[in-house]
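S.K.: In the order they appear, the protein sequences are chains A and B.
My numbering puts the first sequence at residues 1 to 318.
My numbering puts the second sequence at residues 1001 to 1505.
Don't be surprised by glycine CBs; every beta carbon is placed ideally from N, CA and C.
Computed from a prediction, not measured in an experiment: that's the story for all the values here.
Take this structure, written in structure tokens, and hold onto it; I'll ask about it next.
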Amino acid sequence: MIRYLLQRLVAFIPTLIGVSIVIFVAIRLVPGDQITATLGTEAGMLTDAQREQLRQFYGLDRPPIEQYFTWLGGVLQGNFGYSIRFGQPVLDLILQRFPLTLQLALMAVIIALIVGLPIGLMSAVYHNTLIDLVGRLLALLGLALPNFLFGTLLIYILSVGFGILPNAGGYISFAEDPARNLSQMIFPAVTLGFAFSAALMRTARSAMLEVLGEDYIRTARSKGVTERRVIWRHALRNTLIPVVTLIGVQMGYLLGGTFIVEYIFSLPGLGRLAVNAISQREYALVQGVTLFVAFNFVLINLLVDVLYAAIDPRITYR
Amino acid sequence: MSRFSRFLLIAAVVALALSGAAAASAQKPNVLIVARAADTTGLDPHTQTAFASLRLLELIYEPLVTLDADLNIVPLLAEKWEFSEGATVLSMKLRQGVKFHDGSDFTSADVKATFERILKEETKAAARSTFLGIDSIETPDDYSVVFKLKTADVPILASFASVNAVIAPSELIAEGDFSKKAIGTGPFVLREWKPEEVTFLDRNPNWWVQGPAIEGIEMRVIPDESAILAALRAGEVDFALLNDPLVATLLKDDPNITLNRVPAIAYHVFQLNASRAPMDKLEFRQALSCAIDRQEVLDAASLGEGTVTGPLTPPAWRIDTKELFCYTKDLAKAKELMAKAGVGEVTLKAIVASAEPPTALSEAQSIQAQLAEIGVKLEIEPLELSVYVDRWLKGDFDTAVALNGGRPDPYTMYVRYWTKTGNLQGVANYIDDTLDSLMAQGRAESDPAKRKAIFDQFQKHLVEMAPWIWLYNGFEYTAQQKYVEGFIPNPTDSLYSLAAVILNR
């Protein structure tokens, strides 16, 4: 097991290098640079000497290959570069934003689990009944309703209907004031969790249906095992594999930041950091955030694989 | 699972109730909460060009002179000024008893250091080009400054009324690091700036004017303008800056909120690139100008929130649009001009920044529909802002829909475009001797009536040559709760008068 984990960790390296090359090239292919991004049309008022100075200042005068290796060398020493706009090292910025993103992702997944899993399982167990119909309708609604619409609707209902809006900027972290923090985080988490719960519902339902049709379930039933025991003990465990896979993938996405929800609810998370960095052409920041997100993704994949072994005794890693 | 879920649900409800109760019971501090969509991009007042940065820095730093609500030049750190005969020397008397936020006195040495910094090429100051006419700066005593000018230069006075020309302490200039500190003479002191989140300002107790009455300002970034609207309605913010007329007008009939609007001096314009065929033909450009109903563009894109305008938008320089070439749509004339130009069916591309301003795309669509009537097909190319700016600066377009910033003085407003040596001549792509010489005359003339006559002629000629098609100027919007009193909206969008605001909750 230990050996397997080490192997997987080593395999991270080529993945991350690949990601870093792709993002390095991609961000440079986008027209415009940090000079025009910060100065806008006023960049046209620069003299040649000033332009050259700025290019040196931002490190744009050096050949891209050299830029890449300088950056990579820095990353290996834990130096992800410096954001000029924020006046802070890139890694500090990422670590400041990450707790919010992590909290939001966890809350969204928990909400999705609470809502999606039971309804999905009930839908399967009470297949083709009213419960199933309502469950499937809910799932369809959740999949069809985009985040930005659901989030905006929530804000509209809260502000116009109830005259409250916890998400009016001024984000408070959990450590500072847990109650205020939760009141700010609950609605974005519901927005994200609602869409995810729909996906979870459908996956859980179809997985459960499949398992319920398996021979061993029939055998269990014919042995006279109670229905309750059949579902909870035999079927549930086997439905969990696709559910865990889905949660892993979703968690990976959520940890990359959820720009739209952060934007609508004015939360300073990783997604907004990344998108603003792109529009400002802050190359070091874009590269840093992307690498960080890619790292999260592979790490979660690994965790999911380890979880498989815990759920299903047939799976072992050597 | 179900017990756990019940627990979570209860926890969430309790948390919500607690937060509501906490908000209701605590007395709100005497701090103004301001919301806006875009954040400051840097703290150096001399190099920042983004509007969002200027809105913050003008509360911290102060210039020598400023503009009142009618865009007249009024004293600020300079109490009095006069031009010598022939307008080659400008002498100023400075206000006494003004202190910087670090406690040091404001004197003529700071003024000299500031303008030397602005003029130094390495600083990359945004206003450098408008001060290049300064030959030397003399400081006869602590409270007098004399600017010796290379040539007669009247518009330079208006250039002093800019956030890009605010006075910084000579110690900070010597130190050279403006990126983390902001030390001015203004009504508010910067406490903390958390980029993309919030900026805290405290009242400056040593400000040379009485006040401010509020303890400070909390300036929050709420990226979505409809969320700003919701925050206003929910009473979570006291004051807001709005860009999108479609969002702002939703507040018109709201009984609890005051919407302030002042005519902006920034102008919406349809730029033609006269260096490309067929825009190099005068008749073709004029045909486009005659084919466009400017009011229709304004109605379609901004719900009529604005005024059709000629090239000069500041109130003192405006001209009745009836005096301008083809400001009423005339399709027959347009078709006749098309024939004269010898241009048949033609396809042009228009570059448009996708969300900056929010109205740009609808403007392009309105123009597209109108030009189709004279056989000109307009292909709209929506671009991300930075890409748009890049191509705009290179002059790499057939036509461009733009929102360009205005200046209170016509010379400073257009020197970059409509003079032979203008820095953005490559964007304007059109110049003739008449325009160049009228600009030169307008720069040297100090008699207001004669200057007005020169710039009237300049506008008429410019519109007739139709290198660009000026459309309209919109409004600058701010919105506030009814209990916020004393704010005076300014056409330059300045927030300086927040210093006089009181919260009468």
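Is it buried or exposed for G1306 (chain B), if we count other Cβ within 10 angstroms and need 16 for buried?
M.R.: By the neighbour-count rule (16 or more Cβ atoms within 10 Å), G1306 (chain B) is buried.
S.K.: Given Y1327 (chain B), which residues of its chain have a CB within under 6 Å of its CB, disregarding the five upstream and five downstream residues?
M.R.: Contacts found: T1321.
S.K.: Classify L1190 (chain B) as helix, strand or coil using the three-state DSSP reduction.
M.R.: In this structure, L1190 (chain B) counts as strand in the three-state DSSP scheme.
S.K.: Below 7 Å on C-beta distance, what does L39 (chain A) contact in chain B?
M.R.: Result: T1049.
S.K.: For a cutoff of 9 Å on Cβ pairs, would you count S279 (chain A) as touching chain B?
M.R.: Closer than 9 Å: yes.
S.K.: Y58 (chain A) by DSSP, collapsed to three states: which one?
M.R.: In this structure, Y58 (chain A) counts as coil in the three-state DSSP scheme.
S.K.: Hey, could you find the ends of the alpha helix (DSSP H) F1200 (chain B) is sitting in?
M.R.: Counting along the chain, F1200 (chain B) falls outside any alpha helix (DSSP H), though it belongs to the beta strand (DSSP E) covering V1198 to R1203.
S.K.: Please tell me whether W1468 (chain B) has its Cβ less than 9 Å away from any Cβ of chain A.
M.R.: Judged by the 9 Å Cβ criterion, W1468 (chain B) is not in contact with chain A.
S.K.: According to DSSP, is S20 (chain A) part of a helix, a strand, or is it coil?
M.R.: Three-state DSSP puts S20 (chain A) in a helix.
S.K.: Mapping the DSSP letters down to three states, classify Q1096 (chain B) as helix, strand or coil.
M.R.: Q1096 (chain B) falls in the coil class under three-state DSSP.
S.K.: What in chain A is Cβ-close to N1423 (chain B), meaning under 8 Å?
M.R.: Chain A residues near N1423 (chain B): G44 and M45.
S.K.: Do V1237 (chain B) and I1222 (chain B) count as a contact pair if the criterion is CB distance below 9 Å?
M.R.: Cβ atoms of I1222 (chain B) and V1237 (chain B): closer than 9 Å.
S.K.: Does any residue of chain A have a CB that is nearer than 9 Å to the CB of P1195 (chain B)?
M.R.: Yes, because at least one Cβ of chain A sits closer than 9 Å to the Cβ of P1195 (chain B).
S.K.: Taking E1085 (chain B) as the reference, which of B:I1292, B:L1077 and B:A1444 has the closest Cα?
M.R.: That would be B:A1444, whose Cα lies nearest to the Cα of E1085 (chain B).
S.K.: Of the residues A:M107, A:Q77 and A:S20, which one's Cα is nearest the Cα of L182 (chain A)?
M.R.: Cα-wise, what sits closest to L182 (chain A) is A:M107.
S.K.: Excluding the 5 residues preceding and the 5 following N79 (chain A) in the sequence, name in chain order all residues of the same chain whose CB lies nearer than 8 Å to its CB.
M.R.: P89 and L91, listed in sequence order.
S.K.: What residues in the segment 1387–1415 of chain B bring their beta carbon closer than 7 Å to a beta carbon of chain A?
M.R.: The residues in question are V1387, V1389, D1390, W1392 and L1393.
S.K.: Helix, strand or coil for E1085 (chain B) per DSSP?
M.R.: Note: E1085 (chain B) maps to coil in three-state DSSP.
S.K.: At which residue ranges does the segment 1287–1375 of chain B contain complete alpha helix (DSSP H) runs of 4 or more residues, listed in the order of the chain?
M.R.: Here the runs fully enclosed are 1294–1302, 1331–1341 and 1360–1372.
S.K.: Give the straight-line distance between the Cα atoms of T38 (chain A) and K1093 (chain B), rounded to the nearest whole angstrom.
M.R.: Approximately 36 Å between the Cα atoms of the pair.
S.K.: Is the CB-CB distance between M1219 (chain B) and A1035 (chain B) below 9 Å?
M.R.: Yes, they are a contact pair.
S.K.: Report the partner residues of V1146 (chain B) according to the DSSP bridge assignment.
M.R.: For V1146 (chain B), which the question treats as bridged, DSSP gives the partners B:S1091 and B:E1138.
S.K.: When you compare only the Cα positions, how much space is there between W1310 (chain B) and Y283 (chain A)?
M.R.: Just to set this straight, residue 1310 (chain B) is Gly in the shown sequence, not Trp. Rounded to the nearest angstrom, the two C-alpha atoms are 41 Å apart.
S.K.: Using the beta-carbon of each residue, which ones in chain A are nearer than 9 Å to L1385 (chain B)?
M.R.: The contacting residues are G32, A37, G40 and S279.
S.K.: According to DSSP, is Q7 (chain A) helix, strand or coil?
M.R.: Here Q7 (chain A) sits in helix by DSSP.
S.K.: Got a sec, what are the start and stop residues for the beta strand (DSSP E) W1468 (chain B) sits in?
M.R.: W1468 to N1473 is the extent of the beta strand (DSSP E) around W1468 (chain B).
S.K.: Flag G40 (chain A) as yes when its Cβ comes closer than 8 Å to any non-hydrogen atom of the ligand FMN, and as no otherwise.
M.R.: The ligand FMN is absent from the structure shown, which contains no ligands of any kind.
S.K.: Does chain B have any CB closer than 9 Å to the CB of R233 (chain A)?
M.R.: No, R233 (chain A) does not count as interfacial toward chain B.
S.K.: Could you name the residues of chain A that K1482 (chain B) contacts, counting a contact when the two beta carbons are closer than 7 Å?
M.R.: Residues of chain A passing the Cβ test: none, with the nearest at roughly 15 Å.
S.K.: Along chain B, which residues have their Cβ under 7 Å away from the Cβ of T152 (chain A)?
M.R.: S1226, listed in chain order.
S.K.: Quick check on G1507 (chain B) - is its C-beta less than 9 Å from some C-beta in chain A?
M.R.: Chain B is shown only over 1001 to 1505; residue 1507 (chain B) falls outside these bounds and no answer can be derived.
S.K.: Could you pull the start and end residues of the beta strand (DSSP E) that Y976 (chain B) belongs to?
M.R.: Residue 976 (chain B) is absent from the structure shown; chain B starts at 1001 and stops at 1505.
S.K.: Would you list, in chain order, the members of the segment 1107–1128 of chain B that have their beta-carbon closer than 7 Å to a beta-carbon of chain A?
M.R.: Those residues of the segment 1107–1128 of chain B that come within reach of chain A (Cβ to Cβ, closer than 7 Å) are E1121, E1122, K1124 and A1126.
S.K.: Whole angstroms is fine: what's the gap from W71 (chain A)'s alpha carbon to A11 (chain A)'s?
M.R.: Roughly 21 Å between the two C-alpha positions.
S.K.: Using a Cβ-Cβ cut-off of 9 Å, state whether R28 (chain A) counts as contacting chain B.
M.R.: False, the Cβ-Cβ gap to chain B never drops below 9 Å.
S.K.: What first and last residue would you give for the alpha helix (DSSP H) that runs through T203 (chain A)?
M.R.: P178 to L212 is the span of the alpha helix (DSSP H), which, as asked, contains T203 (chain A).
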